[in-house]
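In case it helps, numbering that gives the first Met the number 0 puts the sequence shown at residues 0 to 342.
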Amino acid sequence: MEGIDIHYSTQLSKNNDDLMILDLPEDLLQEIESGKILSIKGQLSDEAIICGSSSSYILRSSETSNALMLVNNGTIEKEAHSILTCEKIIPPLHQVLTLLEESPYTFNDQKKTNVYSFEEIVEKAQASPKEIKDYLEKISSFEWEGCQRIFDEEFRVEALKNVLYLVMKYDWETVSVMDVATANEFRGIPHQIVEALLSTIGNVSTYWEPDFLKVYQVGVMDLFLQNPEYYANEFGEAYSKLLEILIPRRMITNFPLSQILQGIAINRVSNSKLTIRYLPAAKLSYNFQDRLNLLFSIKDKWTEEEIGIYLHDVLTMPLPKALLKYTKRISENSQVMFMNKLN
Numbered sequence: 000m001e002g003i004d005i006h007y008s009t010q011l012s013k014n015n016d017d018l019m020i021l022d023l024p025e026d027l028l029q030e031i032e033s034g035k036i037l038s039i040k041g042q043l044s045d046e047a048i049i050c051g052s053s054s055s056y057i058l059r060s061s062e063t064s065n066a067l068m069l070v071n072n073g074t075i076e077k078e079a080h081s082i083l084t085c086e087k088i089i090p091p092l093h094q095v096l097t098l099l100e101e102s103p104y105t106f107n108d109q110k111k112t113n114v115y116s117f118e119e120i121v122e123k124a125q126a127s128p129k130e131i132k133d134y135l136e137k138i139s140s141f142e143w144e145g146c147q148r149i150f151d152e153e154f155r156v157e158a159l160k161n162v163l164y165l166v167m168k169y170d171w172e173t174v175s176v177m178d179v180a181t182a183n184e185f186r187g188i189p190h191q192i193v194e195a196l197l198s199t200i201g202n203v204s205t206y207w208e209p210d211f212l213k214v215y216q217v218g219v220m221d222l223f224l225q226n227p228e229y230y231a232n233e234f235g236e237a238y239s240k241l242l243e244i245l246i247p248r249r250m251i252t253n254f255p256l257s258q259i260l261q262g263i264a265i266n267r268v269s270n271s272k273l274t275i276r277y278l279p280a281a282k283l284s285y286n287f288q289d290r291l292n293l294l295f296s297i298k299d300k301w302t303e304e305e306i307g308i309y310l311h312d313v314l315t316m317p318l319p320k321a322l323l324k325y326t327k328r329i330s331e332n333s334q335v336m337f338m339n340k341l342n
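Printed below as a string of structure tokens:
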């Protein structure tokens, strides 16, 4: 067994009862050894989370450990019966969204307060810099005047509807940011903001390469901004009419409605009728139990496929194992469904 020297600061008091052994995982130990800094994050009401450059762990007090430390000829000053251990977690990334939603970007944006740089978000959110960076990309955040921003959803949808209108009006085969930015409909909107808007439903390089599925989802969002829940037949009729005037000829694709709604809305029964309810996965808590409780408060019974869409990014174990542990399995009309275990 390899021996290492452990040194303590001479400023530490022998009678300091606040000192505890911290059992760090290998990746965090390697970061310390390479000279990097670990951060312990959280308010007084939060559970403490220790973050490296790319991973996060929740700190827990424990009376046992699988680790063994051998001390040769050590002097016992006092005995302690607990240590701090680290449990790897999916961090509460919804904290990042909460910060950005304080001041979403909208037309004639004048926000100078409640906006945050990447460094300020890293300081405030209980997650590692890499986890935060990946999450910002996932929610189509963009940098504007040194701060990370997201779009006000009503502004984003209206602006993108205007983009699709321009594509239809001029029958553009290719679309550049300049084409859109110089149109009358976008007068006063900075070039960089136009590029960020287009990036929420496609890739932007020399030309805009639209993601056709996300283009169709603009229409879905337009309807849900007006009403968060529809009877299924009413939604189908309204959506079909909207697509006729929204989707450019070159972007028409036969996506099934279930694929378009995935992660945006769910089917459920309300007042004995099938409805479609707005439920964006991107805005849900990253606490697994909180998210599960919310899902079952909205809908009593879920198929594995339905609930998996809303749980996949907060799972630390395979979905079937999580459902076995946290839900009750039933059979309904020869279909397996999952319910709240407390019901």
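No residue lacks a Cβ here, since even glycine has one placed at the ideal position from N, Cα and C.
Continuous alpha helix (DSSP H) assignments of at least 4 residues falling wholly in the stretch 126–210: 128–137, 152–169, 176–180, 190–198
Got a sec, what are the start and stop residues for the beta strand (DSSP E) Thr274 sits in? 272–277
Report the rounded CA-to-CA distance for Glu46 versus Phe141, giving the unit in angstroms. 29 angstroms
The alpha helix (DSSP H) spanning Phe106 covers which residue range? Looking at the DSSP string, Phe106 is not in any alpha helix (DSSP H), and its letter there is neither H nor E.
In this structure, does DSSP put Gln334 in helix, strand or coil? strand
Should the stretch 228–235 be called in touch with the stretch 193–202, which here means at least 3 C-beta pairs below 8 angstroms? no
Under the assumption that Gln147 contacts Ala124 (Cβ atoms under 8 angstroms), give the Cβ distance between them as a whole number of angstroms. Not a contact, Cβ separation roughly 11 angstroms.
Could you please give me the residues that DSSP links to Asp22 through a beta bridge? Thr84
Element boundaries [beta strand (DSSP E), containing Thr60]: One detail in the question is off: residue 60 reads as Ser in this sequence, not Thr. Ser60 -> beta strand (DSSP E) spans 55–61.
Assess, as a yes-or-no matter, whether the stretch 157–167 is touched by the stretch 180–192 under the definition of 3 or more beta carbon pairs within less than 8 angstroms. yes
Residues in its own chain within less than 7 angstroms of Ile200 by CB, not counting five upstream and five downstream? Leu159, Pro209, Asp210, Lys213, Val214, Val217
Going by C-alpha to C-alpha distance, which of Leu318, Glu25, Tyr277, Val156 sits closest to Ser198? Val156
What would DSSP say about Arg249, mapped onto helix, strand or coil? helix
So the alpha helix (DSSP H) Lys324 belongs to, where does it begin and stop? 318–325
Can you tell me whether Thr326 is buried or exposed? The criterion is at least 16 other CB atoms within 10 Å of its CB, across all chains shown. buried
Member of Ser127, Gly41, Thr302 whose CA lies at the smallest distance from the CA of Pro319: Thr302
Please identify the residue among Cys85, Leu43, Leu278 whose C-alpha is closest to the C-alpha of Ser60. Cys85
Less than 8 angstroms between the CB atoms is what I'm expecting for Ile20 and Ile82, so what's the real figure, rounded? 4 angstroms
Are the stretch 276–285 and the stretch 218–229 in contact at 8 angstroms, needing three or more beta carbon pairs? yes
Report back the beta-carbon spacing between Ile88 and Ser55 to the nearest angstrom; my notes put them in contact at under 8 angstroms. 6 angstroms
Could you check the C-alpha separation between Asp289 and Pro103 for me, to the nearest Å? 25 angstroms
Distance between beta carbons of Gly34 and Ser127, contact taken as under 8 angstroms: That pair is no contact at about 17 angstroms.
N-terminal and C-terminal residue of the alpha helix (DSSP H) that Ile259 is part of: 256–260
Helix, strand or coil at Ser284 according to DSSP, with G and I counted as helix: coil
Alpha carbon to alpha carbon, what distance is there between Asn71 and Met0? Confidence is the limiting factor: at Met0 the pLDDT is only 40, short of 50, which leaves the residue's position unreliable, though a coordinate-based value still follows. Cα to Cα, the separation comes out at about 13 angstroms.
What are the boundary residues of the alpha helix (DSSP H) that Tyr230 is part of? No alpha helix (DSSP H) holds Tyr230; the beta strand (DSSP E) holding it covers 228–230.
How big is the Cα-Cα spacing for Gln109 and Pro189? 13 angstroms
Skipping 5 residues on each side, what residues in its chain have a beta carbon closer than 7 angstroms to that of Leu360? For the chain, the structure presents residues 0 to 342; residue 360 sits outside this window and is missing.
Counting along the chain, where does the alpha helix (DSSP H) carrying Lys123 start and finish? 117–123
Collapsed DSSP secondary structure at Ile39 in the structure displayed: strand
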